[in-house]
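Counted from 1, the sequence shown has number 323 at position 324 by numbering that gives the first Met the number 0; the numbering is strictly sequential.
See structure below.
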Amino acid sequence: MGEADETQFGFWWFRPKSLQWLSNFIPFMSILSANALLQGAIVNGLVSVSISSIEKRFKLTSTQSGIFAATYDVFVTVMLIPLALYATKVNKVKCIGIGMMIVGIGSILVIIPEYTAGAYSVGEARKDVCVTGGPDKMCAEDSSNSFTAHRLVFLTHIFMMCRDFRELLLLLLSQAFVGIGASPLFTYGITCLDEFDSHKRTGRNLALYMIASTVGPALAFVGCGFMLRVWGDWRTSPADMGIDSSADPRFIGMWWIGFVVCGFVALFTAFPLVMFPKKLKDTGMRKANDVHRTDASLDKDFSDHKYEFFKIILMLLKNKTCMCVILMQTIEAMLMNGYITFIPKLLETLLGFSAGNASLITGGVVVPVGICASYIGGRISKVFENRFKPSMYFVMTFGLLAAGCSSCLLIRCESLNVFEVNVPVKESVKTIKIKNICVLSRLPKFGATETCSENCHCDAFFNPVCSEESQLTFLSPCHAGCIDSPDIKFGASNWTNCGCSKNLIVKKGYCDASCQKQIYQFIAMFIGLSFCIFVGAPVLQSASLRVVNPKHRDHFTCFGWLWMRILGSIPGAIVFGYIIDVNCMYWQKDCVSQKCQYYNASNLGWAFFYFTIAVKLAGGALLFLAAYFYQETDRPSGKESCRTLDTDASESVKMSYEKVQL
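Encoded structure:
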């Protein structure tokens, strides 16, 4: 294949002249950024926004949802070694295109578990009133004298476990496809930006790429935030469930629609990437005056060595600067992946937002701040001229500022008083019987009864109601001692004849938490936190690419991502999920599964704050060490490099002329 063919846009016999203008950097950058936007929307946006709804829909714990999020990272990790091994042997842009098609397919697959799970259920109305005749049997009765009963219990448990596992397995399969397909985008994609354009513009190009990656999740947060207000189960309706608004904790939004739409769009935008050549037409012109700033100990060439791949990896492992940068990015990946997965849920817990409003707030902050900060970071990278040490000190400074801004996690609304959860039941108070409901003397602080629903035989189903005069939330109308259901649809109005309320009336939902001031404080500090995180990203990425020999860019990028996935992103989501589960104060349990419905907001905020501080301080120390150990190779730079090239060229022409004269 000739040089002309190597820069031709198209595939096989289809290489029309009218499309050859696409074989340039600007069209490539635009199409790559569009795919980065979609990948970010699916992985960092839709998964985060939908995580609470997915837990609710399929009855997952936060640990299980953390595994769901981490599955993406597991399969990305599996792909990193072959990507590094064959980086010099394949058309990297076509690999990105094929991968994004796989991402589209994986995103569309989430509709399957939504379909196979059956109709969404929130329980029946009769189970949420006070029934004094005995508890409802939610599971098959386990009689010690009945072999049939034992067998029925066993078969019921096996069936429900298999059904729940089937839905989880399908969700994990979807994430596996997305992980396999997305891996070339953020490895080959980054190195292609550095390979196809001047090193002086790498910071700017990475900033634009990161802006697209930021806008994607933000659009997903905003768009899916609206869709979460739309009823998501086509087999039922909110009226059938007695749910009158999206503010109801039992409401399930249309969480899956974003995955399907983004999946089909990804299939469309990935197709042009498959047609790109291995080299672009304007690459030589753009890179004519590049200056290399490789670390002296990494400026080696193993092209002719039999074990080239292993030699490069061993060299990276032995280099202190390289490993400090990789370790810093690894612990940052642990922190960021946990936040990306659970930040909407954290807002729901700390500030009492609904799932939809938490998504809108997160997207509304991340979009403008991420765009501005990434652009500023790209400009600063150009000012530094990719010099490693100033870049590391800059990133370290803003990392420490981010640690200070993380104190926003300590801002929260006043904790709700939930009876039998964080308001204890005291057994020592004298009881009075009213209509077969146990009504005790009032708690002096809340004006509520202590075991006022003792004879109601309430199940664990979660349908919170509020006694407004005492500002005390109950787990359900049954736990509030309510005898009568509303005249209209279940849950659609106030409940009456409730023995746990002084005026015998409770309203559906949590009691209102007045915390407007705290919300404004949180948003202001969250803006600062987001800015400090985004402004350093293009500076760090651009400068770190200068550490290694240009021939080893792909190996360094894939090797770094391997560390970030195995020791960072994968455990990050699981650790965050575990921290959230540990701080659960009320688990809604049925026969074989459980779902947390109420968290200790104070402990949760402090846990995340301590974790963030530890990571940021460790990251700052690693960046300082990376700058300390860095030794730039002895090469001319700037105008000296240009003069050297001109001198060499003049000498070459002179020697050729003398040979002709001879």
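Positions of the beta carbon are idealized from the N, C-alpha and C atoms, including for glycine.
Residue i classed as buried or exposed, judged by whether at least 16 other C-beta atoms fall within 10 angstroms
i: CYS437; result: Residue confidence is low: CYS437 scores 31 on pLDDT, short of 50, so the model does not pin down where it sits. Its coordinate-derived value is still stated next. Label assigned to CYS437: buried.
i: TYR338; result: buried
i: GLN7; result: buried
i: TRP12; result: exposed
i: SER427; result: Any reading at SER427 must be qualified, since the residue scores a pLDDT of 29, below 50, and its modelled position is unreliable; the value itself is stated next. Exposed is the call here.
i: ASP483; result: exposed
i: MET563; result: buried
i: ALA626; result: buried
i: LYS88; result: exposed
i: TRP255; result: buried
i: GLY351; result: buried
i: PRO276; result: buried
i: LYS55; result: buried
i: ALA33; result: buried
i: SER636; result: Residue placement at SER636 is poorly supported in this model, since its pLDDT is 42, which falls under 50; the coordinates still yield a value, given next. Under this definition SER636 is an exposed residue.
i: THR115; result: exposed
i: ARG249; result: buried
i: ALA613; result: exposed
i: GLY117; result: exposed
i: PHE27; result: buried
i: ASN144; result: Residue placement at ASN144 cannot be trusted, given a pLDDT of 47 that sits under 50; what the coordinates show is reported in the next sentence. Classification for ASN144: exposed.
i: ASN502; result: exposed
i: VAL546; result: buried
Option nearest residue i by Cα separation, candidates the options
i: GLY604; options: ASN356, GLN515, LEU345 and ARG552; result: LEU345
i: ASN356; options: LEU79, ALA219 and THR213; result: ALA219
i: SER106; options: ASN582, MET274, TYR119 and VAL259; result: VAL259
i: PHE225; options: PHE460, PHE623, MET253 and THR186; result: MET253
i: LEU326; options: VAL102, ASP247, LEU621 and PRO26; result: LEU621
i: LEU207; options: PRO237, ILE41, LEU36 and VAL581; result: LEU36
i: LEU544; options: THR235, LEU205 and ARG165; result: LEU205
i: ILE569; options: THR62, GLU54, ARG56 and PRO276; result: THR62
i: MET209; options: LEU31, GLN596 and ILE50; result: LEU31
i: TYR119; options: VAL538, ILE53 and ILE573; result: ILE53
i: SER212; options: VAL366, GLY117 and VAL102; result: VAL366
i: CYS371; options: LEU171, TYR609, PRO537 and ALA269; result: PRO537
i: LEU172; options: ALA116, LEU108, VAL221 and TRP233; result: LEU108
i: ALA86; options: HIS551, ARG200, VAL364 and TYR71; result: HIS551
i: VAL264; options: ILE311, VAL214 and MET99; result: MET99
i: TYR598; options: PHE608, TRP586, PHE607 and ILE565; result: TRP586
i: ILE101; options: GLN38, THR70, THR76 and TYR306; result: GLN38
i: HIS198; options: ALA479, ARG386 and VAL42; result: ARG386
i: TYR71; options: LEU84, TRP20, ILE80 and SER182; result: SER182
CB of residue i within 9 Å of CB of residue j, strictly
i: THR174; j: PHE74; result: The question names Thr, but residue 174 in the sequence shown is Gln. A contact, by the Cβ cut-off of 9 Å.
i: LEU45; j: PRO112; result: no
i: CYS465; j: LEU82; result: no
i: CYS510; j: LEU471; result: yes
i: GLY576; j: SER64; result: yes
i: CYS191; j: LYS317; result: no
i: LYS594; j: LEU59; result: yes
i: GLN202; j: GLY376; result: For clarity, residue 202 is Gly in the given sequence; the question names Gln instead. Yes, the pair counts as a contact, with Cβ atoms nearer than the cut-off.
i: LEU408; j: LEU349; result: yes
i: PRO237; j: ALA40; result: no
i: ILE104; j: PHE10; result: no
i: GLY178; j: MET78; result: yes
i: GLY571; j: ASN336; result: yes
i: TYR629; j: MET391; result: yes
i: LEU670; j: ALA402; result: Here the chain covers residues 0 to 661 and nothing more, so residue 670 does not appear.
i: LEU18; j: MET274; result: yes
i: ALA600; j: CYS412; result: yes
i: SER51; j: GLY257; result: no
i: LEU400; j: CYS531; result: yes
i: VAL394; j: LEU539; result: yes
i: PRO549; j: ASP196; result: no
i: ILE526; j: SER47; result: no
i: THR495; j: CYS481; result: yes
Any chain C beta carbon closer than 9 Å to residue i
i: ALA269; result: The structure shown contains no chain C; it holds only a single protein chain.
Closer than 8 Å: residue i CB and nearest the ligand FMN heavy atom
i: VAL366; result: With respect to small molecules bound, the structure shown includes none, and the ligand FMN cannot be examined in it.
Next on the checklist: Pairs of beta-carbons, one from the region 359 to 371 and one from the region 522 to 540, closer than 8 Å: are there three or more?
Outcome noted: yes
Item to check | Runs of beta strand (DSSP E) wholly within the region 485 to 545 (minimum 3 residues, chain order) | outcome: 494 to 497 and 504 to 507
Next on the checklist: Going residue by residue through the region 180 to 235, where are the continuous alpha helix (DSSP H) segments of at least 4 residues, counting only ones entirely within it?
Outcome noted: 201 to 226
Checklist entry - Which runs of the alpha helix (DSSP H) fall wholly inside the region 6 to 44 and span at least 4 residues, in chain order? => result At a cut-off of 4 residues, the continuous stretches assigned as alpha helix (DSSP H) that sit fully inside the region 6 to 44 are 24 to 39.
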